[in-house]
Amino acid sequence: MKLPTFPGGIHPPDNKATTAGKAIVNCPLPNELIVPMLQHIGAPAECCVTVGQQVAKGEQIGTAVGPVSVPIHAPTSGEVIAIEPRLHPVGRPLPAVVIRPDGDERWHEGLQACDPDSLNPDELRQLLRQAGIVGLGGATFPTHIKLSPPPDRRIDTLIINGVECEPYLTGDHRLMLEEGSTIVDGILILRKILGVDRVILAIENNKSDAIAVMRQLCTATPIQVQPLPVKYPQGAEKQLIEAVTGRQVPSGKLPMDCGAVVQNVGTAAAVNTAVHLGRPLVERITTVTGTGVRSPKNLRVAIGTPLTHLIEQCGGFSDDPGKIILGGPMMGNSQISLEVPVIRGTSGLLVLRQQDISVKKPGPCIRCGQCVKVCPIHLQPTVIALCARLGLVEKADSHNALDCIECGCCTYQCPATLPLVQSIREIKGAIMEHKRKH
Numbered sequence: 001m002k003l004p005t006f007p008g009g010i011h012p013p014d015n016k017a018t019t020a021g022k023a024i025v026n027c028p029l030p031n032e033l034i035v036p037m038l039q040h041i042g043a044p045a046e047c048c049v050t051v052g053q054q055v056a057k058g059e060q061i062g063t064a065v066g067p068v069s070v071p072i073h074a075p076t077s078g079e080v081i082a083i084e085p086r087l088h089p090v091g092r093p094l095p096a097v098v099i100r101p102d103g104d105e106r107w108h109e110g111l112q113a114c115d116p117d118s119l120n121p122d123e124l125r126q127l128l129r130q131a132g133i134v135g136l137g138g139a140t141f142p143t144h145i146k147l148s149p150p151p152d153r154r155i156d157t158l159i160i161n162g163v164e165c166e167p168y169l170t171g172d173h174r175l176m177l178e179e180g181s182t183i184v185d186g187i188l189i190l191r192k193i194l195g196v197d198r199v200i201l202a203i204e205n206n207k208s209d210a211i212a213v214m215r216q217l218c219t220a221t222p223i224q225v226q227p228l229p230v231k232y233p234q235g236a237e238k239q240l241i242e243a244v245t246g247r248q249v250p251s252g253k254l255p256m257d258c259g260a261v262v263q264n265v266g267t268a269a270a271v272n273t274a275v276h277l278g279r280p281l282v283e284r285i286t287t288v289t290g291t292g293v294r295s296p297k298n299l300r301v302a303i304g305t306p307l308t309h310l311i312e313q314c315g316g317f318s319d320d321p322g323k324i325i326l327g328g329p330m331m332g333n334s335q336i337s338l339e340v341p342v343i344r345g346t347s348g349l350l351v352l353r354q355q356d357i358s359v360k361k362p363g364p365c366i367r368c369g370q371c372v373k374v375c376p377i378h379l380q381p382t383v384i385a386l387c388a389r390l391g392l393v394e395k396a397d398s399h400n401a402l403d404c405i406e407c408g409c410c411t412y413q414c415p416a417t418l419p420l421v422q423s424i425r426e427i428k429g430a431i432m433e434h435k436r437k438h
């Protein structure tokens, strides 16, 4: 039977075999945790502790500012030794709280474990906000916002994203294999909040073991496990909706405009932990991998752990590192320092050796149309990139540049090695700035 998918996309080597069979390992705490106040889409949290203060694990150290924001919590117990700008994964220093762990792992008693059946949807949303739950697939959008559609948006489908289509990354795969029941319980809480009957758990069919495990766990639930063909970016929100429902999210609209909400399997697990255990989001699964790492692993990491500590826990570098990326090779961000901390959206740490880095000089566009063919959004990347080079902001906007999900398919496929997605990313920033001014 032909499996459902979306138009376009590419098939890069997945490079997952190195860590797909490796169980999740708890990463020891470093000597210092650097906890940024910005770890989500929206307004940064505002620091609410002082230097010298003793904090407990899970204690709020940053308060949410405005509706699209979530609080930040201490990843362990210890002493606040600094409140200052520290280098952030976005590439510049941002406000952070620095904690020296005391080794006690003493939990704060702020949140209480709850029976989800005893809470109504609004109370559950508020609990998730207090726990700092955000999308763990990489976007880090506050979960309580995605679970709060306006009254005129009828949601009938909840899609759980277990695709993990980004090459190298295997954290979600291992989570489904090892903690599937936690994910299922979290999915049922999300279902209650949205009040939907239709729930689909989507998994690419290169994870046959995870599909089997989750099908068994979902047998007595309303959750349908849907295998999908291996294709990048199958896990992108709009492409996933199209693949499993046949619906297309209109240009400039959100998934809720076509009746769907998408949540990651890691987010579902975090939801369950917040509700059933009363514990906020203070750790995540991160895949540390690549040719530049001696012993790649899937690590359970405290938020704020410096990248250098993760490298040490994986045996150090195997050779001179040529590129260090947070996330995967397609949509991750290159880093300039190993002192950058793990944040809530850090799904992976990819280290490539210098000899594995191929830098080619871009040539002229040959009008082959390959970028158009693989674009999952049906855009014309070469036209938008040309607008970017010429500074034609309004023209780029008329070609729906803001719909670009920056998946990198166009750049990957381009025979002229043009930096298409980089150009589109720049012009998107210019378009948004233009709209703010006008």
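Heads up: the sequence shown at position 183 corresponds to 183 in UniProt numbering, and the numbers run straight through without jumps.
A virtual CB, placed ideally from N, CA and C, is assigned to each residue, including glycine.
Just to confirm, are residue 70 and residue 96 a CB contact at a threshold of 9 angstroms? For residue 70 and residue 96, no; Cβs fall outside 9 angstroms.
Touch check for the segment 382-396 and the segment 208-217: three-plus C-beta pairs under 8 angstroms? no
Residues in the same chain with beta-carbon distance under 6 angstroms from residue 88, minus the five sequence neighbours each way, listed in chain order, please. 36, 94
Tell me which same chain residues have a C-beta within less than 7 angstroms of the C-beta of residue 56, skipping the five on either side of it? 74, 77, 106, 107, 108
Local conformation of residue 305 per DSSP, three classes: The three-state secondary structure of residue 305, taken from DSSP, is coil.
So what's residue 29 in DSSP terms, helix, strand or just coil? coil
Could you say which of 370, 429, 326, 10 lies nearest to residue 306 if we only look at CA atoms? 326
Per-residue burial, residue 393 [other beta carbons within 10 Å of its own, 16 or more giving buried]: buried
Any idea what DSSP makes of residue 334, helix, strand or coil? In the structure shown, residue 334 sits in a strand (DSSP, three-state: E or B).
With a CB to CB cut of under 7 angstroms and the five nearest residues on each side skipped, what residues in its chain are close to residue 196? Cβ within range, chain order: 155, 156, 157, 158.
Where residue 64 falls, given that 16 or more other Cβ within 10 Å makes a residue buried: buried
Cβ of residue 405 within 9 angstroms of Cβ of residue 376? yes
Identify, in the order they occur along the chain, each residue of the same chain with its Cβ nearer than 8 angstroms to the Cβ of residue 403, setting aside the five sequence neighbours on each side. 251, 252, 377, 379
Report the three-state DSSP secondary structure of residue 230 (helix, strand or coil). coil
Pick out the complete beta strand (DSSP E) segments inside the segment 229-276, 3 residues or longer, and give them in chain order. 260-264
Have a look at residue 408 and residue 418 and give me their C-alpha separation to the nearest angstrom. Computed Cα separation, rounded: 11 angstroms.
Cβ atoms of residue 90 and residue 50: under 9 angstroms apart, would you say? no
Alpha carbons only, please: which of 141, 303, 172, 323 is nearest the one belonging to residue 281? 303
Residues near residue 8 by beta carbon distance below 6 angstroms, same chain, minus five either side: 374, 375, 376
What three-state label does DSSP hand residue 165 in the structure shown? coil
Evaluate residue 104 with the Cβ neighbour count: other Cβ atoms within 10 Å of its Cβ, from every protein chain shown; 16 or more gives buried, anything less gives exposed. exposed
Which whole-angstrom value is the C-beta distance of residue 86 and residue 34, which I expect to be below 8 angstroms? 5 angstroms
Tell me, please, which residues DSSP counts as bridged to residue 47. Note: residue 47 sits in a beta bridge opposite 62.
Cβ-based neighbour list, residue 30, same chain, cut-off 7 angstroms, excluding 5 preceding and 5 following: 305, 306, 309
Determine the extent of the alpha helix (DSSP H) in which residue 98 is found, giving its start and end residues. Note, residue 98: premise wrong, no alpha helix (DSSP H); beta strand (DSSP E) at 93-101.
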